[in-house]
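Participant: Chains as they are written, first to last, in the numbering used here: chain A, 1 to 330; chain B, 1001 to 1158.
Have a look at this one.
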Amino acid sequence: MDLLEGNLELKEIQKLEGHTDRVWSVAWNPATGAAGIPAMFASCSGDKTVRIWQQTPSARCSASFECKAVLEETHNRTVRSCAWSPSGKLLATASFDATTAIWEHIGDDFECVSTLEGHENEVKSVSWNASGSLLATCSRDKSVWIWEVQPGNEFECVAVLQGHTQDVKMVKWHPFMDVLFSCSYDNTVKVWAEDGDTDDWHCVQTLGEPNNGHTSTVWALSFNSTGDKMVTCSDDLTLKIWETDSRIPQETDGYMPWRHLSTLTGYHDRTIFSVHWSSEGVIASGAADDAIRLFIENKDGLEELNASFSWAHRTANGMADTLAKQGVFR
Amino acid sequence: MVSGLINANPVVYERKERRVRTAPFSADEYAVEPIDQQEIFDHIRDIKDPEHPYSLEELKVVTEDAIEVDDKHSHVRVTFTPTVEHCSMATVIGLCLRVKLMRSLPSRYKVDIRIAPGTHATEAAVNKQLNDKERVAAALENPNLLDMVDECLAPTYA
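Dropping the structure here:
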């Protein structure tokens, strides 16, 4: 399908009710939605619970999702975000109660198998690396923590990264390298990598105003499928595209820096909270102006506003790769 | 928590007379009146200052003129003036304004709260916090803060 031709349309196919407070974030289970396995995703809410939704096996084209489980009585404050391990067997949930819970998916049930403590206050985001061996969390306490996954669902903290000067809003691992990215209320994006010699994690790059970076809180970031570009979104009402040299760095070589490629301005007039780069190359952004906008790269290499946008929800909060899989693109 | 009051002797102003709103003659009894400046002001004027037994109107922390409403675009901006430049209660006042409007206005409304430029030492920092919905949500889960806010809002529900 040539995305540049024809009119792209975002169509709501189902409205799922159940949560009793705002839904902050959603995440698709990566081990579902193909090879006959019904699609499944998790949603987390201010009602302190996480709900698991699954597509009924019979209805494939007209998506019919139902709630399969409610994960409750674990967090005692808002659950802000969640992330599935690459195998789809574990779900990490980050909460304002300063903990991160790890749930194991066994059959139809979910059991809380571990609780990660350490942050001083609200945990905002959690992310698994490509192999599922590492987990990262971040918090309003300005730090980023890295945890190693050990046998028996044990988690060991291997690094507490200081550097941001304010609340860290989101962490995300690179799609295939063990390099961690964080974005913050301090208006910067930081890149963290392990020193080959000392095995210490440290900040290898900061993307701030001097690098053509954002001028207000950076809320989210997302990588393209080849891992050589990323998009960030901010309270400064812009989306920024960044790129790096596509050659994969040698382990002992110097780190490959990221540089600003372009800025998308004028598409949202209120804070952009969420952005995602789908596997098919479509960038979706969600903002406080109640709009979701879709962008694709045209022949001139520029990201351009695509044919349509749509009003959805009060504010488009979290948007994993929802749009990539829900009724619009396959 | 500070032991002494930030501003022990605030200037207290007279309350503006409350205009009785006359229902406009309209054949359509279901017609929705657009929300205007006065209505927003009526929601917030009686909010109690966190430190003194006076309302935000009496302390001139909020005035009707400092409210900008655009009902068609569901947008409102309230600019408030703390009584003292180093007022540490500024964030609490801002939070009270936000909560009261959140509870009183239709959910389609986008609310911006800010400190009057030039009236506070750290206005940029306070404004940024007040307009970060995640920070506001987390703050309102703090029982102590929520109690303080509810106490300030109590007179407005009378």
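In this text, a Cβ means the ideal position worked out from N, Cα and C, and glycines have one as well.
May I ask you to list, following chain order, the residues of the region 1060-1074 of chain B that have a beta carbon less than 7 Å from some beta carbon of chain A?
Facilitator: Correct list: empty, as no residue qualifies.
Participant: Would you mind working out which of B:Gly1094, B:Tyr1109, B:Asp1132 sits nearest B:Leu1145, comparing C-alpha positions?
Facilitator: Your numbering for residue 1145 of chain B matches position 145 in the second sequence. That would be B:Gly1094, whose Cα lies nearest to the Cα of B:Leu1145.
Participant: Can you list the residues of chain B that A:Ala349 reaches, using a CB-CB cut of under 9 Å?
Facilitator: Because residue 349 of chain A is not part of the residues shown, which for chain A are 1 to 330, the question remains open.
Participant: Under the DSSP definition of a beta bridge, which residues are partnered with A:Gln55?
Facilitator: By one-based count along the first sequence, residue 55 of chain A stands at place 55. Answer is A:Phe65, bridged to A:Gln55.
Participant: Going by CA-CA distance only, name the one from A:Thr206, A:Asp186, A:Gln150, A:His164 that's closest to A:Leu90.
Facilitator: Walking along the first sequence from the start, residue 90 of chain A turns up at place 90. Residue A:Gln150 is the option with its Cα nearest to A:Leu90.
Participant: Determine the DSSP secondary structure at B:Cys1087, reduced to helix, strand or coil.
Facilitator: Position 87 of the second sequence, counted from the start, is the residue given in the question as residue 1087 of chain B. The answer is coil: DSSP assigns B:Cys1087 none of H, G, I, E or B.
Participant: Near A:Arg330, what residues of its chain come up, given a Cβ to Cβ distance below 8 Å and the 5 sequence neighbours on each side ignored?
Facilitator: Residue numbering aside, residue 330 of chain A sits at position 330 when the first sequence is read from its first letter. Note that A:Arg330 scores 20 on pLDDT, short of 50, meaning its location in the model is unreliable; the coordinates nonetheless yield the value given after this. Excluding residues within five positions, none has a Cβ falling inside 8 Å.
Participant: What is the rounded straight-line gap between the Cα of A:Trp277 and the Cα of B:Ile1067?
Facilitator: For the purposes of this step, residue 277 of chain A is taken as residue 277 along the first sequence, with counting starting at 1. For the purposes of this step, residue 1067 of chain B is taken as residue 67 along the second sequence, with counting starting at 1. Answer to the nearest angstrom: the Cα atoms are 39 Å apart.
Participant: Distance check for A:Glu66 and B:Pro1117, CA to CA, integer angstroms please.
Facilitator: Numbered from its first residue, the second sequence carries residue 1117 of chain B at position 117. Numbered from its first residue, the first sequence carries residue 66 of chain A at position 66. The alpha-carbon atoms of B:Pro1117 and A:Glu66 are separated by roughly 50 Å.
Participant: Checking the sheet assignment: what are the DSSP bridge partners for A:Cys333?
Facilitator: Outside the displayed range of chain A (1 to 330) lies residue 333 of chain A, so it cannot be described from this structure.
Participant: For A:His19, does the count of other Cβ atoms within 10 angstroms reach 16, so buried, or fall short, so exposed?
Facilitator: Numbered from its first residue, the first sequence carries residue 19 of chain A at position 19. It counts as buried.
Participant: Looking at the strands, I want to know which residues DSSP matches up with A:Gln166.
Facilitator: Position 166 of the first sequence, counted from the start, is the residue given in the question as residue 166 of chain A. Answer is none; A:Gln166 lacks a bridge partner.
Participant: Could you work out which residues of chain B lie near A:Thr78, taking near to mean beta carbons separated by less than 7 Å?
Facilitator: Along the first sequence, read from residue 1 onward, the residue named residue 78 of chain A stands at position 78. Under the 7 Å cutoff, chain B gives Ala1137, Glu1141.
Participant: Rounded to the nearest angstrom, how far is the Cβ of B:Arg1098 from that of B:Val1136, given a contact under 8 Å?
Facilitator: Here the question's residue 1098 of chain B lines up with position 98 in the second sequence. Here the question's residue 1136 of chain B lines up with position 136 in the second sequence. Going by Cβ atoms, the distance from B:Arg1098 to B:Val1136 rounds to 6 Å, so yes, they are a contact pair.
Participant: Helix, strand or coil for B:Gly1118 per DSSP?
Facilitator: As a position in the second sequence, residue 1118 of chain B is number 118, starting the count at 1. In the structure shown, B:Gly1118 sits in coil (DSSP, three-state: anything other than H, G, I, E or B).
Participant: Between A:Pro57, A:Trp103, A:Ser85, which has its C-alpha nearest A:Ala35's C-alpha?
Facilitator: Taking the first residue of the first sequence as position 1, residue 35 of chain A is located at position 35. Ranking the options by Cα distance to A:Ala35, first place goes to A:Pro57.
Participant: Name the DSSP beta bridge partners of A:Met40, please?
Facilitator: Against the first sequence, residue 40 of chain A aligns to sequence position 40. Its beta-bridge partners are A:Gln54.
Participant: Can you list the residues of chain B that A:Thr217 reaches, using a CB-CB cut of under 8 Å?
Facilitator: Residue 217 of chain A sits at position 217 when you count from the first residue of the first sequence. Near A:Thr217 (Cβ distances below 8 Å), the residues of chain B are Lys1128, Asp1132.
Participant: Any idea if A:Ile231 is buried or exposed, counting beta-carbon neighbours within 10 angstroms, 16 or more meaning buried?
Facilitator: The count along the first sequence starts at 1 and reaches residue 231 of chain A at position 231. For the record, residue 231 of chain A in the displayed sequence is Val; it is not Ile. A:Val231 should be labelled buried.
Participant: Given that A:Gly46 touches chain B, what residues does it touch there, using C-beta distances under 8 Å?
Facilitator: Counting from 1 along the first sequence, the entry for residue 46 of chain A is found at position 46. In chain order: Ala1137.
Participant: Who are the neighbours of A:Glu359 on chain B, taking C-beta pairs under 8 Å?
Facilitator: The first residue shown for chain A is 1 and the last is 330, placing residue 359 of chain A beyond what the model contains.
Participant: What are the start and end residues of the beta strand (DSSP E) that includes A:Phe273?
Facilitator: Along the first sequence, one-based indexing puts residue 273 of chain A at 273. 272-277 is the span of the beta strand (DSSP E), which, as asked, contains A:Phe273.
Participant: Are the C-beta of A:Ser308 and some C-beta of chain B separated by less than 7 Å?
Facilitator: The residue given as residue 308 of chain A occupies position 308 in the first sequence. Low per-residue confidence applies at A:Ser308: pLDDT is 41, beneath 50, and the placement is therefore not dependable, though the value from the model is reported in the following sentence. No, no contact with chain B.
Participant: With a threshold of 7 Å on Cβ separation, who are the neighbours of A:Glu251 within its own chain once the five nearest residues in sequence on each side are excluded?
Facilitator: Sequence index remark: in the first sequence, residue 251 of chain A carries index 251 (1-based). Residue placement at A:Glu251 cannot be trusted, given a pLDDT of 49 that sits under 50; what the coordinates show is reported in the next sentence. Taken in chain order, the residues that qualify are Gly196.
Participant: Give the straight-line distance between the Cα atoms of A:Ser114 and B:Arg1045, rounded to the nearest whole angstrom.
Facilitator: Here the question's residue 114 of chain A lines up with position 114 in the first sequence. Here the question's residue 1045 of chain B lines up with position 45 in the second sequence. Cα to Cα, A:Ser114 sits roughly 49 Å from B:Arg1045.
Participant: Can you tell which of A:Cys183, A:Trp84, A:Cys203, A:His174 has its C-alpha closest to the C-alpha of A:Trp192?
Facilitator: Position 192 of the first sequence holds residue 192 of chain A. Ranking the options by Cα distance to A:Trp192, first place goes to A:Cys203.
Participant: Give the straight-line distance between the Cα atoms of B:Met1148 and A:Tyr255, rounded to the nearest whole angstrom.
Facilitator: Numbered from 1 along the second sequence, position 148 holds the residue referred to as residue 1148 of chain B. Numbered from 1 along the first sequence, position 255 holds the residue referred to as residue 255 of chain A. Rounded to the nearest angstrom, the two C-alpha atoms are 50 Å apart.
Participant: Kindly indicate the opening and closing residues of the alpha helix (DSSP H) around B:Arg1018.
Facilitator: Taking the first residue of the second sequence as position 1, residue 1018 of chain B is located at position 18. Taken as a continuous stretch (DSSP letters only), B:Arg1018 belongs to no alpha helix (DSSP H), as it is neither H nor E.
Participant: So A:Val168 and A:Cys138 are supposed to be a Cβ contact under 8 Å. How far apart are they, rounded?
Facilitator: Against the first sequence, residue 168 of chain A aligns to sequence position 168. Against the first sequence, residue 138 of chain A aligns to sequence position 138. Confirmed, Cβ separation roughly 4 Å.
Participant: Skipping 5 residues on each side, what residues in its chain have a beta carbon closer than 7 Å to that of B:Lys1110?
Facilitator: Your numbering for residue 1110 of chain B matches position 110 in the second sequence. If we look at B:Lys1110 and ignore the five residues flanking it on each side, its Cβ neighbours are Ser1074, His1075.
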